[in-house]
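Chains A and B are the protein sequences, given in the same order. Numbering-wise (this note's numbering), the first sequence opens with residue 1 and increments by one. Numbering-wise (this note's numbering), the second sequence opens with residue 1001 and increments by one. All C-beta atoms in this analysis are idealised placements derived from N, C-alpha and C, irrespective of residue type, glycine included. Note that the coordinates shown come from a computational prediction; the quantities given were computed from them, not determined experimentally.
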Amino acid sequence: MIRTPAKTNLPVMLPYDPTGRVAADPIMFSRWLASMPIWVLPMMAACLVLWPAIAHAASNYSYGQATSALFKWMPFIVLDGFLLNVVISLFTMIFGTFFGVLLGLGQISPAGWIRIPAKIFTQVFRNSPWLVLLFVVLLALPFEITIGGVIISIPDWTKAVFGLSLPVMANISEVVRGAINSVPSGQWEAAESLAYSRRQTLWLIILPQCFKRMIPPWMNWYAILTMATPLCSLLGVEEIITLSRQAIEAEDNHPELLVPFFGFALLIFFAYCYPIARWTVRLERRFQVKL
Amino acid sequence: MPNDNWTPDQPLVSIKDVRKSFGSLEVLKGVSLDVMKGEVICIIGPSGSGKSTLIRCINALNDIQAGSITVEGQEVHTEKLDKLELRKKVGMVFQQYNLFPHKTALENVMMAPIKVLRKSKAEAEQTARALIKKVRLDGKEGAYPGELSGGQQQRVAIARSLAMNPDVMLFDEVTAALDPETVKEVLVTIKDLAQEGMTCILVTHEMGFAREIADHIYFTDRGVIVEHGPPATFFDNAQDPRTKEFLSQIL
Chain A
1 MIRTPAKTNL PVMLPYDPTG RVAADPIMFS RWLASMPIWV LPMMAACLVL WPAIAHAASN
61 YSYGQATSAL FKWMPFIVLD GFLLNVVISL FTMIFGTFFG VLLGLGQISP AGWIRIPAKI
121 FTQVFRNSPW LVLLFVVLLA LPFEITIGGV IISIPDWTKA VFGLSLPVMA NISEVVRGAI
181 NSVPSGQWEA AESLAYSRRQ TLWLIILPQC FKRMIPPWMN WYAILTMATP LCSLLGVEEI
241 ITLSRQAIEA EDNHPELLVP FFGFALLIFF AYCYPIARWT VRLERRFQVK L
Chain B
1001 MPNDNWTPDQ PLVSIKDVRK SFGSLEVLKG VSLDVMKGEV ICIIGPSGSG KSTLIRCINA
1061 LNDIQAGSIT VEGQEVHTEK LDKLELRKKV GMVFQQYNLF PHKTALENVM MAPIKVLRKS
1121 KAEAEQTARA LIKKVRLDGK EGAYPGELSG GQQQRVAIAR SLAMNPDVML FDEVTAALDP
1181 ETVKEVLVTI KDLAQEGMTC ILVTHEMGFA REIADHIYFT DRGVIVEHGP PATFFDNAQD
1241 PRTKEFLSQI L
């Protein structure tokens, strides 16, 4: 795990966690991604371009052919495929955030009948494999519904949004709970002693202070989610990986096509998520200082 | 409501045989004291003697296990207590100021009257500006807590509490976290309040200050009130050995 590069070699005391673990880093993924130097992107592109030239110079399917196949299919892969990944990630984030915030607020509710189910819900979906959740949702939901004689088909990608929303929701729930708990208890007491009701305290005093702290981990989850959208190809959703496979098949399944096509998918995900990760780490640093 | 029977000649705050435990640790072992309207009392004593816990029980931030606390005749520790009504009467200022960091000084002061007392914005703002002036911070209305010194923040906190127009003010070691040079400005503010007739209950380590403004001093140690009396008698003629020892250490 690569953390922020140390400015000194002085020993530091890590945040105290009563359970004895070292406190988890809420934006670990973004920190890892953002820790890559900017030249990784052109490097990856260069590898992609040069690899077939080196590895398959002697093959009967030439480097030029593979590259031109990729260029031919590129608009299709990007505009039909990757764009769907982005759409899925955005919708998932909207639903995941909405329900995650509700669940997170539920987790700090003083009423046990709200708090305990919210905690169980959060832990179950946070600790389930994403792919399993996707399959459950795919198989549990019908592919079409009939309302008053009208058959409405449910496109696969909306089911994928549903399936991915579950773990995102659970993780956003933890982000919200963590941010609320990070506000010093003195703020609650001060508000209480000024006769604010609990709801007013939460909405007027506590949540406005949490909002900034929640943005970096929230963006971190967006990057993780986007990277996870190719899982949907296993459900047959026509996103970038599915379409790349289809394109390779249409080009007679030459094994030489695998690296250019999937390498291109890697590149485009990296190009999309890397700036988000850099931005996340920047925001985290900026918000860290002020209380 | 029992407080219909309350008249100003009865104690404003009355504490009787209060016991309070945190788990198996009993921090208050039967404490009683009365505070009349307009009176200023100081609670002093060594660390861990239960001073802060006691005043936090008065506005129900802590609960108690036995005994009773009444504010204007209203029992504080009962199921049917309307906590919000109680806290409108009891203002509190904390050691760590606890200003709302995302609001300016003015907003900190005027927010509760608007949101809790449902006052109009204009009225609340007028009161808030007057209070900020009263704590000698005019010109700092637009400053965020992070931009103010500790002493200034604490004075905003006092103004914020006063904006609710409380009948009694609780001060919980309000100068303990301050730099020595800013302690005085906060003490002057409290003194002004006391002289205007505000009922004040202070937990403090400032003995000179306690002697100057208090009508009555209570000395607590290990969860009980060891000795109490008017400042002159208390400081110059302490009877209990524990009080004498404490005073000899700090005076």
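Which residues in chain B sit within 7 Å of residue i, going by Cβ to Cβ distance?
i: A/Ser-197; result: Leu-1084
i: A/Ala-190; result: Phe-1094 and Asn-1098
i: A/Gly-186; result: Phe-1094, Gln-1096 and Asn-1098
Could you name the residues of chain A that residue i contacts, counting a contact when the two beta carbons are closer than 8 Å?
i: B/Ala-1112; result: Leu-194, Ala-195 and Tyr-196
i: B/Lys-1115; result: Tyr-196, Gln-200 and Leu-204
Using a C-beta to C-beta distance shorter than 9 Å, which residues of chain B count as neighbours of residue i?
i: A/Pro-208; result: Phe-1100, His-1102 and Lys-1103
Buried or exposed: residue i, going by 16 or more other Cβ atoms within 10 Å of its Cβ?
i: A/Val-124; result: exposed
i: B/Lys-1103; result: buried
i: B/Gln-1065; result: exposed
i: B/Val-1013; result: buried
i: B/Gly-1045; result: buried
i: B/Ala-1122; result: exposed
i: A/Ile-145; result: exposed
i: A/Trp-39; result: exposed
i: A/Phe-29; result: buried
i: A/Phe-143; result: exposed
i: A/Arg-199; result: exposed
i: B/Pro-1113; result: buried
i: A/Arg-285; result: exposed
i: A/Ile-151; result: exposed
i: B/Met-1001; result: The pLDDT assigned to B/Met-1001 is 46, lower than 50, so where the model puts this residue is not dependable, and the model offers no usable value.
i: A/Ile-2; result: Bear in mind that a pLDDT of 46 at A/Ile-2, under 50, signals an unreliable position, so the number given afterwards is only what the model happens to contain. Answer is exposed; the Cβ neighbour count stays below 16.
Kindly identify the DSSP beta-bridge partner or partners of residue i.
i: B/Met-1169; result: B/Gly-1091 and B/Cys-1200
i: B/Phe-1219; result: B/Ile-1044 and B/Glu-1227
i: B/Ala-1214; result: DSSP output for B/Ala-1214 lists no bridge partner at all.
i: B/Thr-1070; result: B/Ser-1014 and B/Glu-1075
i: B/Ser-1021; result: B/Glu-1026
i: A/Ile-145; result: A/Ile-152
i: B/Leu-1033; result: B/Ile-1015
Can you name, in chain order, every residue of its own chain whose Cβ lies under 7 Å from the Cβ of residue i, other than the five neighbours on each side?
i: A/Ile-114; result: Gly-106
i: A/Arg-126; result: Pro-167, Ala-170, Asn-171 and Glu-174
i: A/Arg-177; result: Gly-104, Gln-107 and Ile-108
i: A/Ala-191; result: Thr-201 and Ile-205
i: A/Phe-82; result: Ile-240 and Ile-268
i: A/Val-101; result: Ile-172 and Val-176
i: B/Cys-1057; result: Val-1018, Lys-1020, Ile-1064 and Ile-1069
i: A/Thr-122; result: Leu-103, Gln-107, Ala-170, Ser-173 and Glu-174
So which residues on chain A does residue i lean against when the C-beta distance must stay under 7 Å?
i: B/Leu-1061; result: Glu-189, Glu-192 and Ser-193
i: B/Met-1036; result: The premise fails here: B/Met-1036 is roughly 22 Å from chain A at the closest Cβ pair, so nothing lies under 7 Å.
Identify, in the order they occur along the chain, each residue of the same chain with its Cβ nearer than 6 Å to the Cβ of residue i, setting aside the five sequence neighbours on each side.
i: B/Gly-1023; result: none
i: A/Trp-73; result: Ala-247
i: A/Pro-129; result: none
i: B/Pro-1145; result: Leu-1099, Pro-1101 and Gln-1153
i: A/Lys-159; result: Val-137, Leu-138 and Leu-141
i: A/Ala-34; result: Ala-277, Arg-278 and Val-281
i: A/Ala-66; result: Pro-52, Glu-256, Leu-257 and Pro-260
i: B/Arg-1136; result: none
i: B/Ser-1087; result: Residue identity differs from the one stated: residue 1087 of chain B is Arg in this sequence, not Ser. Excluding sequence neighbours, B/Arg-1087 sits near Asn-1059.
Using 9 Å as the limit for Cβ to Cβ distance, is residue i near chain C?
i: B/Lys-1088; result: Here the protein chains are A and B, and chain C is not one of them.
Less than 8 Å between C-beta atoms, sequence neighbours within five positions excluded: which residues of the same chain meet that for residue i?
i: A/Leu-283; result: Ile-215, Pro-216 and Met-219
i: A/Pro-117; result: Gly-106
i: B/Gln-1239; result: Glu-1227
i: A/Ile-294; result: This structure does not reach residue 294 of chain A, given that chain A is present from 1 up to 291, and the question cannot be answered.
i: A/Pro-154; result: The amino acid at residue 154 of chain A is misidentified as Pro; the sequence shows Ile. The residues are Leu-141, Pro-142, Phe-143, Glu-144 and Ile-145.
Practice task
Residues of the region 1158 to 1169 of chain B with a CB closer than 9 Å to any CB of chain A: list them in chain order, please.
Solution key: Arg-1160, Ser-1161, Ala-1163 and Met-1164
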